[in-house]
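Some notes on the structure that comes next.
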Amino acid sequence: MSLEALSTELEATVAELDEELTVTLDRQSKTELALLLTALGPEDADELVRRAIQLLFQSTVDTGGLDLHLRRGYDVTYDEYLSGMTYDEMRGGAEYQPTTEDDRRYQF
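The sequence shown maps to residues 112 to 219 in the numbering used here.
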């Protein structure tokens with residue numbers, strides 16, 4: 112796999128999520144969500160789920176877990192994805208094709 116394959120699959124997944132995202136919760140998750148909603152008081156459960164996704168993402172990036180999975184599945188790292196080119200391309204070892212996609216420039 113490659114950086115291009117990752118970008119293609121990511122775009123397809125985003126399109127699928129845009130169609131409709133529904134989540135079914137088990138009893139434990141529902142209870143935990145209710146406790147967090149009660150304690151933290153966000154406007155709605157959707158806001159709390161967004162925060163949870165952001166925290167999981169940040170944790171996975173910080174611990175190197177995202178790079179591990181990306182390297183295993185696509186032979187790229189998160190930094191390579193953000194820059195739009197592999198380390199070999201950065202060193203001039205491969206021909207670089209610049210893209211105009213700003214979506215991959217997601218920064219914290």
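Ideal placement from N, C-alpha and C gives every residue a C-beta, glycine not left out.
All values derive from a computational prediction rather than experimental measurement.
Residue i versus residue j - alpha carbon distance
i       : j       : result
Ala-156 : Asp-173 : 26 Å
Ala-126 : Ala-116 : 16 Å
Gly-175 : Gly-203 : 26 Å
Thr-135 : Thr-149 : 20 Å
Three-state secondary structure assigned by DSSP to residue i
i       : result
Asp-173 : helix
Ser-194 : helix
Arg-202 : coil
Asp-186 : coil
Thr-135 : coil
Asp-178 : helix
Counted within 10 angstroms of its Cβ, other Cβ atoms place residue i as buried (16 or more) or exposed
i       : result
Val-187 : buried
Nonlocal neighbours in the same chain, by C-beta distance under 8 Å from residue i, ignoring five residues either side
i       : result
Arg-182 : Thr-188
Same chain, Cβ closer than 7 Å to residue i, neighbours up to 5 away in sequence not counted
i       : result
Ala-123 : none
Tyr-198 : Glu-191
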